[in-house]
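Q: Position in the sequence shown (first residue = 1) + 119 = our numbering.
By construction, the Cβ of each residue, glycine as well, lies at the ideal position given by its N, Cα and C atoms.
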Amino acid sequence: MQDTNKRVYISTYGCQMNVNDTERMFSLLEMANYSPVATPEQADLIIINACSIREKPVHKVYSEVGTFRLLKERNPQLRIGVGGCVGQQEKENLLKWSPLIDFVFGTDSIDLLPSLVEKAYEDNAGKIVEAKFQHRSPYHIETMVRKPGVATFVNITKGCDNFCTFCVVPYTRGREKSRPLSHVMEDVKRLIQRGIKEITLLGQNVNSYESECGADFSDLLERLALETPLERIRFTTSHPKDFNQKLANVMFRNQPKVCEYIHLPFQSGSTRILERMNRGYTREEYIEKIAMIRATIPNVVLSTDIIVGFPGETEEEFLETISMVQTIGFETIFAFKYSPRPFTKAAKFTDQIDEVVKDERLARLFKAYDVVAQEMVKRYDGQILDILVEDYDEKRGNLHGRSSQNKNVYFIGDKSLVGQTVQVKITKAFPATFRGELVTHDFVTAGAVTTGLMAQEMEISGLENSL
Ligand code: SAH
Ligand code: SF4
Ligand code: F3S
120 MQDTNKRVYI STYGCQMNVN DTERMFSLLE MANYSPVATP EQADLIIINA
170 CSIREKPVHK VYSEVGTFRL LKERNPQLRI GVGGCVGQQE KENLLKWSPL
220 IDFVFGTDSI DLLPSLVEKA YEDNAGKIVE AKFQHRSPYH IETMVRKPGV
270 ATFVNITKGC DNFCTFCVVP YTRGREKSRP LSHVMEDVKR LIQRGIKEIT
320 LLGQNVNSYE SECGADFSDL LERLALETPL ERIRFTTSHP KDFNQKLANV
370 MFRNQPKVCE YIHLPFQSGS TRILERMNRG YTREEYIEKI AMIRATIPNV
420 VLSTDIIVGF PGETEEEFLE TISMVQTIGF ETIFAFKYSP RPFTKAAKFT
470 DQIDEVVKDE RLARLFKAYD VVAQEMVKRY DGQILDILVE DYDEKRGNLH
520 GRSSQNKNVY FIGDKSLVGQ TVQVKITKAF PATFRGELVT HDFVTAGAVT
570 TGLMAQEMEI SGLENSL
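1) Would you grab the beta carbon distance between V269 and K316 for me? Rounded to a whole angstrom, and I think it's under 8 Å.
2) Look at the alpha carbon of V138 and the alpha carbon of A344, and state the distance between them as a whole number of angstroms.
3) I need the boundaries of the beta strand (DSSP E) containing R94, first residue and last residue.
4) Would S327 pass as a contact of P299 if the rule is Cβ separation under 8 Å?
5) Could you pull the start and end residues of the beta strand (DSSP E) that G185 belongs to?
6) Leaving out five residues on either side along the sequence, give the residues of the same chain with a beta carbon under 6 Å from the beta carbon of C378.
7) Please name the residue or residues paired with Y499 in a DSSP beta bridge.
8) Expressed to the nearest angstrom, what Euclidean distance is found between the alpha-carbon atoms of Y380 and N368?
9) Which term fits G133, buried or exposed, when burial requires 16 or more other beta carbons within 10 angstroms of its beta carbon?
10) How many whole angstroms separate the CB atoms of Y511 and K534, which I take to be in contact at a CB cut-off of 8 Å?
11) Would you decide whether Q161 is buried or exposed? Buried here means 16 or more other CB atoms lie within 10 Å of its CB.
12) Here's a check: name, in chain order, each residue in its chain whose Cβ is nearer than 8 Å to the Cβ of V177, leaving out the five neighbours to either side.
13) What three-state label does DSSP hand V420 in the structure shown?
14) For the structure I just gave you, are there three or more beta carbon pairs, one from the stretch 140-149 and one from the stretch 222-239, closer than 8 Å?
15) Hey, would you say the C-beta of S228 is under 7 Å away from at least one heavy atom of ligand 1?
16) Enumerate, from N- to C-terminal direction, the unbroken beta strand (DSSP E) stretches of 3 or more residues contained entirely within the stretch 440-517.
17) Say yes only if the C-beta of P461 is nearer than 7 Å to one or more non-hydrogen atoms of ligand 1, and no if none qualify.
18) Rounding to the nearest angstrom, what Cα-Cα distance links I416 and K497 in this structure?
19) So what's V287 in DSSP terms, helix, strand or just coil?
20) For M150 and L504, what's the separation of their Cα atoms in angstroms?
21) On the DSSP bridge list, what partners appear for Y380?
22) Quick one: residues in its chain with C-beta nearer than 7 Å to the C-beta of P159, no 5 flanking neighbours on either side, listed in chain order?
23) So, helix, strand or coil for Q364, using DSSP?
24) Is it buried or exposed for G388, if we count other Cβ within 10 angstroms and need 16 for buried?
25) Suppose the cutoff is 8 Å on Cβ atoms and the five residues either side in sequence are ignored; what does the same chain contact list for R126 look like?
26) If you run the structure through DSSP and keep just helix, strand and coil, what is R265?
27) What residues are listed by DSSP as bridge partners for S73?
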């Protein structure tokens, strides 16, 4: 690239896949002499890495592009690109929609970004669209993170073949492809050399991972647990239809390295709705799967995703979703109103649910969950958890880390503890975050409950809401 020392700002929406893709974009652009900046006002290049999973994030992208009008008027050299799932989905439509956008690129075109940007800066450069899917398999990629820190995400699959009728992902990320097992192993070993202690294996449906050597997801998990010095391994997202006994066994026998936490979206508690969603399991099968998991991994902690107001969902069917939340005992739920998406089957269903009804159902679901969550977190009060410390907040002077169960815990302690696993006594357990106090080593070795605690209760009011 001819120009040196240009400044790039990237705005990221969506899931961890997009977050990883943003890291990749920054890394590639840094090699082309772009330095990252914290605000769009400072930038010569603005990229929006956009998410299309529901309508709301797409609207956010559109309104963000609008806010760059003035910047573009002031600086004609400014270039604006839109990528991610919205870039893949909308392609040239985005250019028709806003003259502020100079280039659009898809989820399989990230490695082309430096050359696209270079083209965008050429004199008389027209508008550019690069959004073809690469159909080659397997999926070759190396994790690119600028500052890996203590914990990071490693993509193991790309795309999805499940075609749940509500979901846009098969159209924005393409067909499912897996990385060869040997590549994942090498990648993880490189990350460990850079200081990584925990990885989360990432894919839309990690359970259907299949290496060209024939290894499945359980095999990959076990190889990583046995052959690397990682302290912790997590994975997301699991699909109930593909989560099997073999995987539960591997998780159990590789504890505590493999964390005792599973995110297992059930989407709806009604078998009829699940069928219309093309999820591949019934309510009863999901419940049986949870029973199998709990029988194998007694202390497992579960979280889930739920959609309310899917087309045709009756009040009774919605109540079946509520009853799942009340009976299974999820410690975290992510619940969404159904949002019709382009290309998907469910968007064409004629029995769409009124927005007011969706709003009301979502509010009722959260209310029901709150009761369950308040009750469930009580058991953590006073417990001592092993926390892998991930970061230190200079402003607040506190450490943050996670427990094996994926609980975010905040406590006072020295910055030097970042990267270490420490014991923390939970002093206040909110549904989403915990406060705690560091337990000294004396405490651990002496095993005494009343001594050795560093009296370092945090004073952060409104912590729950501010995170
Ligand atoms: N691959 C994961 C989910 C990826 S999308 C899985 O199969 O579980 C994350 C979540 O967004 C989904 O679990 C679903 O609950 C929600 N979601 C996806 N499409 C949606 C839509 N059209 N409307 C509302 N929520 C949706
Ligand atoms: Fe979407 Fe279903 Fe694939 Fe998840 S499994 S990404 S919900 S199509
Ligand atoms: Fe969004 Fe694409 Fe992820 S649609 S949720 S960024 S796969």
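A: The structure says:
1) 5 Å
2) 25 Å
3) Residue 94 lies beyond the residue range present for the chain, which begins at 120 and ends at 586; the question has no answer from this structure.
4) no
5) G185 -> not in any beta strand (DSSP E); alpha helix (DSSP H) instead, spanning 174-186.
6) R351, R353, S523
7) None; Y499 has no bridge partner.
8) 14 Å
9) buried
10) 4 Å
11) exposed
12) A169, C170, S171, V205
13) strand
14) yes
15) no
16) 451-456, 503-512
17) no
18) 21 Å
19) coil
20) 41 Å
21) V420
22) Y128, I165, F187, L190
23) helix
24) buried
25) Y153, S154, P155, V156, Q161, A162, D163, L164
26) coil
27) Residue 73 is absent from the model: the chain starts at 120 and stops at 586.
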